[in-house]
Amino acid sequence: MADNGDGQLRTEGSDGLGATGVEEEAVAAGEGWVAGGEMLLSVGLLALALLAAYGLYVRWGRRSGPGAAAQQNQAAALPRMKRRDFTLEQLREFDGARKPYILLAVNGKVFDVTNGSKFYGPEGPYGIFAGRDASRGLATFCLDKDALRDEYDDLSDLNAVQMESVREWEMQFKEKYDYVGRLLKPGEEPSEYTDEEDTKDHTKQD
55 MADNGDGQLR TEGSDGLGAT GVEEEAVAAG EGWVAGGEML LSVGLLALAL
105 LAAYGLYVRW GRRSGPGAAA QQNQAAALPR MKRRDFTLEQ LREFDGARKP
155 YILLAVNGKV FDVTNGSKFY GPEGPYGIFA GRDASRGLAT FCLDKDALRD
205 EYDDLSDLNA VQMESVREWE MQFKEKYDYV GRLLKPGEEP SEYTDEEDTK
255 DHTKQD
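Under my numbering, the sequence shown is numbered contiguously, ending at residue 260.
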């Protein structure tokens, strides 16, 4: 150590900086690293968000082009379905691939969702429900085959919150899409609907 001329001692090779100055430089350097790290993290998160948005566009956005428009036009040109009831096997035929109509069931009610083909068509995000009973999947927010049943599903194992969700979905479908008929339980006979009942029902929903 040597006298710096002011009566203060300094460490050789410290360029005249005391312990306090060294600590301040260290703190400043640390803060710089933290700020740099936060900036890199922000840039990384932004990149991930942009990548996710691009992935969604590639998956769904491109499908909303001419092909989706053609599907919508085809759906609009189809006549309304007459009232009838369906077994599970009959319902599966209306998946938008085997037949142009797209039907699904919610809480025992069958709805014609053909006008929503961009959502419920074969390539739509909810296409897995086309021609099926969607009740369990909608109640549990499950969009894979685990939510589908090959036999009639009485939903008896769902809890109160999930059943309330099913009823809310049913109301939303009633407001937006045509109600076609009932999903029949095993052994249940279909109802016979008159033209007057069919017309009255469709007029009520317009």
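Beta carbons: idealized from backbone N, C-alpha and C, even for Gly. Because the structure is a prediction, the values reported are computed rather than measured.
Neighbour flag for residue i against chain C, beta carbons, 8 angstroms
i: L212; result: Any reference to chain C falls outside this structure, which holds one protein chain only.
Cut-off 8 angstroms between Cβ atoms - residues of its own chain near residue i, not counting five sequence neighbours on either side
i: T248; result: none
i: V164; result: D139, F140, L145, L157, L158, Y233, V234, G235, R236 and L237
Under the three-state DSSP convention, the category residue i falls into
i: G235; result: strand
i: L145; result: helix
i: K163; result: strand
i: D211; result: coil
i: F140; result: strand
i: D200; result: helix
i: L132; result: coil
i: S118; result: Low confidence applies to S118: its pLDDT is 47, below 50, so where it sits in the model is not reliable, and the reading given next is rough at best. Looking at S118 - three-state DSSP - the assignment turns out to be helix.
i: K172; result: helix
Buried versus exposed call for residue i [16 or more other C-beta atoms within 10 Å across all chains shown]
i: A193; result: buried
i: F140; result: buried
i: G175; result: buried
i: F227; result: buried
Residue i versus the options, residue with shortest Cα-Cα distance
i: M225; options: A159, L212 and K172; result: A159
i: Y155; options: Y206, A184 and K239; result: A184
i: L212; options: R190, F195 and E222; result: R190
i: S171; options: N161, F148 and S219; result: F148
i: P133; options: K239, L237 and D232; result: D232
i: L197; options: G150, P179 and L238; result: P179
i: E268; options: L142, G150 and R137; result: Since the first residue of the chain shown is 55 and the last is 260, residue 268 is not available in this structure.
i: Q216; options: K230, R236 and N161; result: N161
i: A130; options: D166, L202 and E218; result: D166
i: E242; options: K136, M135 and L142; result: L142
Residues of its chain near residue i, where Cβ-Cβ distance is below 7 angstroms and the 5 sequence neighbours each way are ignored
i: D207; result: D187, S189 and R190
Close Cβ partners of residue i (< 6 angstroms) along its chain, the five nearest in sequence each way excluded
i: K239; result: Y206
i: R138; result: G235
i: S210; result: none
Paired residues, beta bridge with residue i - DSSP
i: D187; result: A159
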